[in-house]
Structure formats: C-alpha cells, structure tokens
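So the structure is just underneath, and the comments pick up after that.
Protein chains: 2
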Amino acid sequence: TFGEPGIVLELADLPEPPAPAAGEVLIGVEHAPINMNDLYLIQGVYPLRPSLPSVVGNEGVGRVLAIGRGVDHLKVGDRVLVPLYSFSWRERLVAPAAGLFALPEADPRQLAMLGINPPTAALLLNESIDLRPGDWVAQNAANSAVGRSLIAIAKARGLKTLNFVRRLELVPELQAVGGDLVIVDQSGAVDKIRATIGDARVPLGIDGVAGKAAATIAGVLSHSGTLVVYALMSGEPVTVAPLDLIAKRVVVKGFFLNHPDVELKIPSALRETAPLVASGAIRVPIAATYPLTAFREAVAHVQRGGKVMFDVDGASELFDKVAVEAPQVQAP
Amino acid sequence: TFGEPGIVLELADLPEPPAPAAGEVLIGVEHAPINMNDLYLIQGVYPLRPSLPSVVGNEGVGRVLAIGRGVDHLKVGDRVLVPLYSFSWRERLVAPAAGLFALPEADPRQLAMLGINPPTAALLLNESIDLRPGDWVAQNAANSAVGRSLIAIAKARGLKTLNFVRRLELVPELQAVGGDLVIVDQSGAVDKIRATIGDARVPLGIDGVAGKAAATIAGVLSHSGTLVVYALMSGEPVTVAPLDLIAKRVVVKGFFLNHPDVELKIPSALRETAPLVASGAIRVPIAATYPLTAFREAVAHVQRGGKVMFDVDGASELFDKVAVEAPQVQAP
Chain A
36 TFGEPGIVLE
46 LADLPEPPAP
56 AAGEVLIGVE
66 HAPINMNDLY
76 LIQGVYPLRP
86 SLPSVVGNEG
96 VGRVLAIGRG
106 VDHLKVGDRV
116 LVPLYSFSWR
126 ERLVAPAAGL
136 FALPEADPRQ
146 LAMLGINPPT
156 AALLLNESID
166 LRPGDWVAQN
176 AANSAVGRSL
186 IAIAKARGLK
196 TLNFVRRLEL
206 VPELQAVGGD
216 LVIVDQSGAV
226 DKIRATIGDA
236 RVPLGIDGVA
246 GKAAATIAGV
256 LSHSGTLVVY
266 ALMSGEPVTV
276 APLDLIAKRV
286 VVKGFFLNHP
296 DVELKIPSAL
306 RETAPLVASG
316 AIRVPIAATY
326 PLTAFREAVA
336 HVQRGGKVMF
346 DVDGASELFD
356 KVAVEAPQVQ
366 AP
Chain B
36 TFGEPGIVLE
46 LADLPEPPAP
56 AAGEVLIGVE
66 HAPINMNDLY
76 LIQGVYPLRP
86 SLPSVVGNEG
96 VGRVLAIGRG
106 VDHLKVGDRV
116 LVPLYSFSWR
126 ERLVAPAAGL
136 FALPEADPRQ
146 LAMLGINPPT
156 AALLLNESID
166 LRPGDWVAQN
176 AANSAVGRSL
186 IAIAKARGLK
196 TLNFVRRLEL
206 VPELQAVGGD
216 LVIVDQSGAV
226 DKIRATIGDA
236 RVPLGIDGVA
246 GKAAATIAGV
256 LSHSGTLVVY
266 ALMSGEPVTV
276 APLDLIAKRV
286 VVKGFFLNHP
296 DVELKIPSAL
306 RETAPLVASG
316 AIRVPIAATY
326 PLTAFREAVA
336 HVQRGGKVMF
346 DVDGASELFD
356 KVAVEAPQVQ
366 AP
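Here the protein sequences come in this chain order: A and B. Counting the first sequence from 1 gives a position; the numbering used here is that position plus 35. Counting the second sequence from 1 gives a position; the numbering used here is that position plus 35.
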C-alpha cells in the first residue's frame, strides 16, 4: 500500500535476477541516494504509480557484473548508472544496456547522484538559444542540488551565474563553489544586481521556487529573456510582472525532465556532466550513509533534512553472484 | 504641461498645413475617437512624451484632400486612416502616403476605430503557429474593443472563441455578436468549459486582465498552448499555475502593438480587418460624438465611461482648403 515510507516499506529477500538476455547487463548496485521524489512516490502523491509490491528508488550507481549477447560498449567491472526508474534500492538488477556508459573514476557516492540533478541543470541551460559565453544566467533555489550543478555546468560553459538564496549564510558557501554573484532574495535585490553587473546580458532565468520568486528572476532578465520554471518549492502560483512580458518580451515556459522531448537529451547531458562530478566541480554534501537494512532510519533522516545515501554493497561479491539472496527495499 | 486632460487641453487655431511634398498627402480629418491611451498620454503617464505644445489623438479617419508627387496608390477623395500617432484631433494634417490605403465604404465612425484594436486582435491571433480551423481561442476582457474584434476575426478565420466576461448580462450580448462560448469568470468556470467543449483543442489564450484571470486562461489551454498577455486591466501581476507550465508546457509571452517586430505586421492586419468593419462584423457601440470645440465635455464623458468620438468635419470643405484657420486640440 502507498503511505508513509517509514511505515509501508519492508526489506524483502528476493531471488537473484536471471542472467542478462541479449542487449542487457546485470548490475550490482553500490550506492543509491534517497530523494524526496522517492518518498513522494511511496506516499502515492503522483498519479503514476508502480503496481505493488514494487522495489523503489530512482537513482544509483553500480558495477556491471555480467553482460548479455550483443553488448559491446560495456565490459564486466565498468561502473554505470542504474537507469532512472529501474528501482535502485536493491543489490542487483538486470537492465537494458542501451544508454549506459562507463563512468569516469570518481567517488561513487557522488556519481550515484548524477542521474537527475546534473542533467536537469544542463538541459535547463539549453532552454535558451540565445546564450553566449560571458552571459549571465539567473537562478533561485541556488543551494539545491540542481542549483549547485547549474553553477558548475554554467562555469564549464563560460557562463556566469547570478544566484538567489534565502539565507545569508549560504552566500559565502555558494561563492566558494563558484557562484559568480550570490544574493539574498529580498527587497532591493534587483537594483543591487544591476548596480553590480551593469547592463550585462541576462538572457536566461531558472526558477525552482515559483510564487514571487519567479517575478524576481523575470525582473533581472534582459529584453527577450527566457524564464524557465522547473519546480515550485514555494507551492505558490508563478507570478510575473505583466510589463516584463509585454514591454520586455520575456517568455515564460516550464521544464520537466521526464517529458518525452526532454528525455531524449538526457544521455548527452549525462556525458557532459559526469566529468564535472569526477573533477569535484559538481559535489553534493552527503549527510549520512545507511545500509539497506537501516532503511527506516535512512528515511527518517531524509525527512529531517540532508542528503542520505544507501550503501548497497551489491557488487562486492563481484563475479560471485550465483545463488546469493538479494535483499531489496520495496513498497508492499 | 502634462496633467488632467479637462484642465491642460486647449483649443488652438493653427495655420493651414503646407501643401503635401513628394510622397505625402493632405488629409482632412472626419472623425477621431478618444481612447483611454490618449488621456494617459496627456496625463504624462508614459515615459515617451511629445514635446509641448503638441496636438494629440492617436486614431482617426479622413479624406485625402491633396496628393504630393509620386503618390499613385491614392487619389483625392479616398477615405484613409490617419496614421497612428500622427495626432488626429485636428482638422487637417499632412502625412506620409506609404502604408495608407483607400478604405472600403462603411460608417466612417466605425472605420475611425480601425487603427489599433482590430489589428491588435488580428496579430494576437497570429501569436500561435499551431492554430487550425475549428480550434478554440480563449480570451478574457471579451467585452473590450480588442475582445469584440477578436471574436469577429476568429470567426472569419474559422476559429471558435471561448470568452470570459465579468458580468452575467454580457453573456447574451457577446453571444449575439458571435462569441461561440461566453462564460462568467468565476470558480468552476474551467470545469464547465471542458464539460461543454470536451477535449477540443484550445492552443491559444489571450489575456488582457493579468492577475488570476491569466491563470484561468492557462487552465483551459491544451497541452503546449500559448498564453499571450497584452494588457493588465486588473493591475495585478500575471499568475499561472506552475504545473500548467511544467506538465502542460504552456508558454507565456507578451504582446505590444508598437514593438518594432510587431509594427511591421500592422498594414496587413489592417487590410484583413477593414472589410470586417465594413461588413459590421466588427462594430464598437458609440456612446456619443462631440465637435472638437466641446473637447472638455468629450473627455469628461470618456472618463465616465463609454466610447466617445470627435466629429471633426475637417474634410467638409473639400478642395476649398486655402487660408482656412484649422482649430486643433493640443496639450500646451
């Protein structure tokens, strides 16, 4: 049943998956993060629900343990992302090899968080066709995982970021990770920004908050700028000053990583951003790691706040995968 | 000085304009409407201000009284629009002939209102490239001059209109002028519409109100629909539900008739809409007409509400234009 993750989740021992068929690989999961989206899925918030019982978990990283016929772009031992939505909170799974690629050498816990937020940030930056090196991109929710990824990807592309945060203590922290301008979203912020950046171009704004925070981003955009809304942390309607639309010709649109048009672009965004994770340019602080057996503590930790990771260890018995019982966390 | 029109306007006798030079025509003004925009200009609301003293008035219709060298697409006696922003509240003026064309036979008072609202409506309808005959266009402020023009133009193009109004008594009135669906903008309206039109396509929404009224239009749009904001009658920020942007991929943009990109398209929009004025399909009820000498009463009438027209009579002395003192209403 769907409901509170701390109540409805159970740890189950399932049989080992079958050997990979043609075009498939067997993946031994090493690490899998817990995202708020995972908890929403378990709570039944989304209209799209898996049939129960189901393993859950959207992201993860693991090693290729076995390869099916016809797979020649991967070899046993390669570290790969667990494909999105293939339910990562388990030790081993079989997945299609198409779209998988060998990840660079890097902290596997950081790689485990590559699948959603970095490509979201990269593809948000692609939503304006008018960006040139040296241009500014404005964003709010700059301290989120998408926001921090965006700072790193923009810098790698030669763009500057103008970052709105809600707490003053985040200013030095985001400056330290490369935010070119970090400013608390409060009255007078737009004037302060223009005093700092002069008439520099700001063709793209990224809004993850909605409500009045969207209007602030629209306010700093240049003529004909694009405002892209990808999340609604405030829970409020998106608000924009009419004259920013009418006189300044700002265009407002939305972004959704799982839209069919967007999904096609994820593989190239992963290839762009994986090296940034490897270099440490994209790095999400991890609050704690838990084994799958401690899933209740892990979920409670996420609900208190902080990025939490499952240490799955499903690839530790590399090549020794026969007849191992594979525990999996599933919503019954 | 700029200020209250009833106070700062004066009637002035100015010399007759000179004979038209090459490429110019002399126009004898017949009728000139008073728009709220005229009053805003006189009040000094806009950042762009004419140097004073200045004749004012943006729209009008008149007869060609004389033609300069090289003008072969017009003849003396043709009825033409006074070019926008050439200051129409006067008996005679010289204007460039380029862009002018002989208007069809029709009530000249109705033709006097052709210059702004019908092309605005026509060009708003061009803001979606995805409109097909039989599609619906949703609009609010449907009882405005733009809204009524839009109903007629949409019908001529084989489109259906879904019209939001704020007062129940407007429903039969707008149905009578061709509104396919007319509905009071109140809670539950969107559900009622979908019950009526089923899953018919609504690719374009037109918003002249801003505030929550914009969110209502976005709510009735189909997937990937376009919401175009052209005015802000409510004075409130434009509001849109984030999921209409993110999940339904609605794009929000603004429209401004005097934007350089848009201005280029006005002549073709005038040629499309002039026959609709001539046929009576576009018709604005006129509350009263006044001579230029009664400009204070005329302005006061506009401020009370209602469409008011100057009866200028500047073409009545056709061909007898030498040494006539030409009274003009100007902001000193």
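C-beta: ideal position from N, C-alpha, C; glycine also. As the structure is a computational prediction, the values presented were derived from the model and not from experiment.
Which residues in the same chain have their Cβ closer than 6 Å to the Cβ of A:Thr324, if we skip the five residues on either side of it in sequence? Met344, Asp346
Three-way DSSP call (helix, strand, coil) for A:Ile42 in this model: Looking at A:Ile42 - three-state DSSP - the assignment turns out to be helix.
Taking A:Lys132 as the reference, give the member of A:Asn152, A:Ser121, A:Arg284, A:Glu140 with the closest Cα. The sequence given here has Ala at residue 132 of chain A, not Lys. Nearest C-alpha to A:Ala132 among A:Asn152, A:Ser121, A:Arg284, A:Glu140: A:Ser121.
Since B:Asp226 is in the alpha helix (DSSP H), which residue starts that stretch and which ends it? 224–232
Would you mind sorting A:Tyr265 into buried or exposed? The rule is 16 or more other CB atoms within 10 Å of its CB. buried
Checking contacts by CB at 8 Å: is A:Ile228 closer than that to chain B? no
Coil, strand or helix - A:Asn152 by DSSP: helix
Kindly say whether A:Arg201, judged by its beta-carbon, lies nearer than 8 Å to any beta-carbon of chain B. no
Would A:Leu74 pass as a contact of A:Ile188 if the rule is Cβ separation under 8 Å? no
Tell me which same chain residues have a C-beta within less than 8 Å of the C-beta of A:Asp355, skipping the five on either side of it? For A:Asp355, the predicted model reports a pLDDT of 46, less than 50, meaning its position is unreliable and no value from the coordinates is stated.
Quick one, which of A:Ser184, A:Ala249, A:Gly254, A:Arg339 has its alpha-carbon nearest A:Gly315's? A:Ser184
Residues from the stretch 255–279 of chain A in contact with chain B, defined by Cβ distance under 7 Å: Val264, Tyr265, Leu267, Pro272, Val273, Thr274, Val275, Ala276, Pro277
Skipping 5 residues on each side, what residues in its chain have a beta carbon closer than 6 Å to that of A:Ile301? Pro154
Alpha carbon to alpha carbon, what distance is there between B:Asn198 and B:Ala173? Just so you know, the alpha carbons of B:Ala173 and B:Asn198 end up roughly 6 Å apart.
Beta-carbon gap between A:Arg339 and A:Gly41 smaller than 8 Å: no
Should A:Met148 go down as buried or exposed, given a rule of 16 or more other Cβ atoms within 10 Å for buried? buried
In this structure, does DSSP put B:Ser269 in helix, strand or coil? coil
Stretch-stretch touch, CB-based, cutoff 8 Å, three pairs: the stretch 278–288 of chain B with the stretch 243–263 of chain B: Touching, yes, given that three or more Cβ pairs across the two stretches are closer than 8 Å.
Local conformation of A:Ile186 per DSSP, three classes: helix
From the DSSP output, in three-state form, read off B:Ile102 for me. strand
Out of B:Asn72, B:Ala130, B:Leu203, which has the shortest C-alpha to C-alpha gap to B:Val60? B:Ala130
So A:Ala176 contacts chain B; which residues on that side make the cut at Cβ distance below 9 Å? Here the premise fails: no neighbours, minimum Cβ distance about 13 Å.
According to DSSP, what are the bridge partners of A:Thr308? Answer is none; A:Thr308 lacks a bridge partner.
Establish whether the CB of A:Phe291 and some CB of chain B are separated by less than 8 Å. So, interface residue.
Taking C-beta to C-beta, are A:Arg114 and A:Val96 nearer than 8 Å? yes
Roughly how many angstroms separate the alpha carbons of B:Ile252 and B:Pro238, rounded to a whole number? 11 Å
In this structure, does DSSP put B:Phe345 in helix, strand or coil? strand
Give the C-beta separation of A:Ala309 and A:Pro139 to the nearest angstrom, bearing in mind that I take them to be a contact with Cβ-Cβ under 8 Å. 6 Å
Using three-state DSSP, classify B:Pro50 as helix, strand or coil. coil
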